[in-house]
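Working notes, structure below.
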Amino acid sequence: MEDIISDQNKEKILGMWRGMSEGDKAHFINQVALALSVWGSDKKGKELVVEILRMMTSNGTNTLADFGLYIEKVIEISENDEMFDKVKRAALIIEGYRIKNALSSEPHRELV
(Lines of atoms letter the chains of each structure in order from A and count residues from 1; the text may use other names and numbers.)
(Lines give C-alpha, C1' and ligand atoms only; values in the text may rest on other atoms or scores of the structure.)
Protein backbone atom coordinates (compact mmCIF):
# COMPACT_ATOMS: atom_id res chain seq x y z
CA MET A 1 0.00 0.00 0.00
CA GLU A 2 1.42 3.34 -0.99
CA ASP A 3 2.05 6.14 1.49
CA ILE A 4 -1.46 7.61 1.74
CA ILE A 5 -1.07 9.85 4.78
CA SER A 6 1.02 12.98 4.39
CA ASP A 7 4.00 13.48 6.68
CA GLN A 8 2.26 16.50 8.22
CA ASN A 9 -0.81 14.44 9.08
CA LYS A 10 1.35 11.63 10.45
CA GLU A 11 2.97 14.14 12.80
CA LYS A 12 -0.45 15.38 13.93
CA ILE A 13 -1.67 11.83 14.55
CA LEU A 14 1.46 10.92 16.51
CA GLY A 15 1.16 14.12 18.53
CA MET A 16 -2.45 13.31 19.39
CA TRP A 17 -1.49 9.73 20.34
CA ARG A 18 1.31 10.88 22.64
CA GLY A 19 -0.98 13.33 24.43
CA MET A 20 -3.81 10.87 25.04
CA SER A 21 -4.56 9.02 28.24
CA GLU A 22 -4.35 5.24 28.22
CA GLY A 23 -8.15 5.11 28.42
CA ASP A 24 -8.56 7.31 25.34
CA LYS A 25 -6.02 5.20 23.47
CA ALA A 26 -8.07 2.11 24.30
CA HIS A 27 -11.28 3.83 23.11
CA PHE A 28 -9.61 4.74 19.81
CA ILE A 29 -8.36 1.20 19.27
CA ASN A 30 -11.75 -0.28 20.16
CA GLN A 31 -13.62 2.04 17.77
CA VAL A 32 -11.26 1.27 14.89
CA ALA A 33 -11.55 -2.46 15.63
CA LEU A 34 -15.35 -2.24 15.65
CA ALA A 35 -15.34 -0.33 12.36
CA LEU A 36 -13.00 -2.81 10.69
CA SER A 37 -15.05 -5.74 11.98
CA VAL A 38 -17.98 -4.37 9.96
CA TRP A 39 -16.09 -2.91 6.99
CA GLY A 40 -13.51 -5.67 6.70
CA SER A 41 -9.79 -5.28 7.15
CA ASP A 42 -9.16 -5.32 3.41
CA LYS A 43 -7.92 -2.34 1.42
CA LYS A 44 -11.34 -0.63 1.31
CA GLY A 45 -11.85 -0.87 5.07
CA LYS A 46 -8.39 0.49 5.76
CA GLU A 47 -8.96 3.33 3.29
CA LEU A 48 -12.05 4.36 5.26
CA VAL A 49 -10.02 4.45 8.47
CA VAL A 50 -7.38 6.59 6.76
CA GLU A 51 -10.06 8.93 5.40
CA ILE A 52 -11.43 9.43 8.91
CA LEU A 53 -7.93 10.14 10.23
CA ARG A 54 -7.48 12.73 7.46
CA MET A 55 -10.76 14.39 8.44
CA MET A 56 -9.77 14.43 12.08
CA THR A 57 -6.40 16.05 11.43
CA SER A 58 -7.87 18.69 9.14
CA ASN A 59 -10.68 19.48 11.58
CA GLY A 60 -8.46 20.35 14.53
CA THR A 61 -9.46 17.36 16.65
CA ASN A 62 -6.97 16.81 19.45
CA THR A 63 -7.78 13.22 20.46
CA LEU A 64 -8.05 10.08 18.39
CA ALA A 65 -10.77 8.89 20.79
CA ASP A 66 -13.14 11.06 18.70
CA PHE A 67 -12.77 8.57 15.82
CA GLY A 68 -16.39 7.39 15.99
CA LEU A 69 -17.76 10.90 15.64
CA TYR A 70 -16.31 11.19 12.16
CA ILE A 71 -17.93 8.08 10.72
CA GLU A 72 -21.04 10.15 9.97
CA LYS A 73 -18.88 12.24 7.62
CA VAL A 74 -17.80 9.08 5.79
CA ILE A 75 -21.47 8.17 5.34
CA GLU A 76 -21.91 11.41 3.37
CA ILE A 77 -18.88 10.58 1.19
CA SER A 78 -19.83 6.93 0.61
CA GLU A 79 -23.49 7.54 -0.20
CA ASN A 80 -23.12 6.13 -3.73
CA ASP A 81 -20.58 3.52 -2.73
CA GLU A 82 -20.96 -0.22 -2.14
CA MET A 83 -19.72 0.40 1.42
CA PHE A 84 -22.63 2.71 2.33
CA ASP A 85 -24.63 0.12 4.30
CA LYS A 86 -21.52 -1.09 6.11
CA VAL A 87 -20.52 2.46 7.03
CA LYS A 88 -24.02 3.13 8.41
CA ARG A 89 -23.94 -0.11 10.40
CA ALA A 90 -20.51 0.69 11.86
CA ALA A 91 -21.72 4.18 12.78
CA LEU A 92 -24.62 2.71 14.76
CA ILE A 93 -22.45 0.16 16.54
CA ILE A 94 -19.82 2.73 17.45
CA GLU A 95 -22.44 5.21 18.57
CA GLY A 96 -23.66 2.54 21.01
CA TYR A 97 -20.09 1.98 22.17
CA ARG A 98 -19.61 5.72 22.73
CA ILE A 99 -22.86 6.01 24.70
CA LYS A 100 -22.05 2.94 26.81
CA ASN A 101 -18.65 4.40 27.68
CA ALA A 102 -19.95 7.95 28.25
CA LEU A 103 -17.78 9.44 25.51
CA SER A 104 -18.46 12.94 24.22
CA SER A 105 -20.89 13.48 21.36
CA GLU A 106 -18.86 16.49 20.16
CA PRO A 107 -15.29 16.42 18.85
CA HIS A 108 -12.56 17.74 21.15
CA ARG A 109 -11.00 20.52 19.09
CA GLU A 110 -8.23 22.99 19.55
CA LEU A 111 -9.54 26.51 19.45
CA VAL A 112 -7.29 28.61 17.28
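Quick note on our numbering: the sequence shown kicks off at 4 and runs consecutively.
All residues carry an ideal CB built from backbone N, CA and C; glycine is no exception.
Output yes or no for whether 8 angstroms exceeds the beta carbon distance between residue i and residue j.
{"i": "residue 27", "j": "residue 60", "result": "no"}
{"i": "residue 54", "j": "residue 35", "result": "no"}
{"i": "residue 90", "j": "residue 74", "result": "yes"}
At which residues does the alpha helix (DSSP H) containing residue i begin and terminate?
{"i": "residue 87", "result": "87 to 103"}
{"i": "residue 50", "result": "46 to 61"}
{"i": "residue 36", "result": "25 to 42"}
{"i": "residue 65", "result": "No alpha helix (DSSP H) holds residue 65; DSSP gives it neither H nor E."}
{"i": "residue 117", "result": "Since the first and last residues shown for the chain are 4 and 115, residue 117 lies out of range."}
{"i": "residue 109", "result": "Counting along the chain, residue 109 falls outside any alpha helix (DSSP H), and DSSP gives it neither H nor E."}
Going by other Cβ atoms of all chains shown within 10 Å of its Cβ, with 16 needed for buried, is residue i buried or exposed?
{"i": "residue 107", "result": "exposed"}
{"i": "residue 45", "result": "exposed"}
{"i": "residue 92", "result": "exposed"}
{"i": "residue 38", "result": "buried"}
{"i": "residue 71", "result": "buried"}
{"i": "residue 48", "result": "buried"}
Count the C-beta pairs between the stretch 5 to 25 and the stretch 93 to 104 that are closer than 8 angstroms, then say yes if the count reaches three, no if not. no
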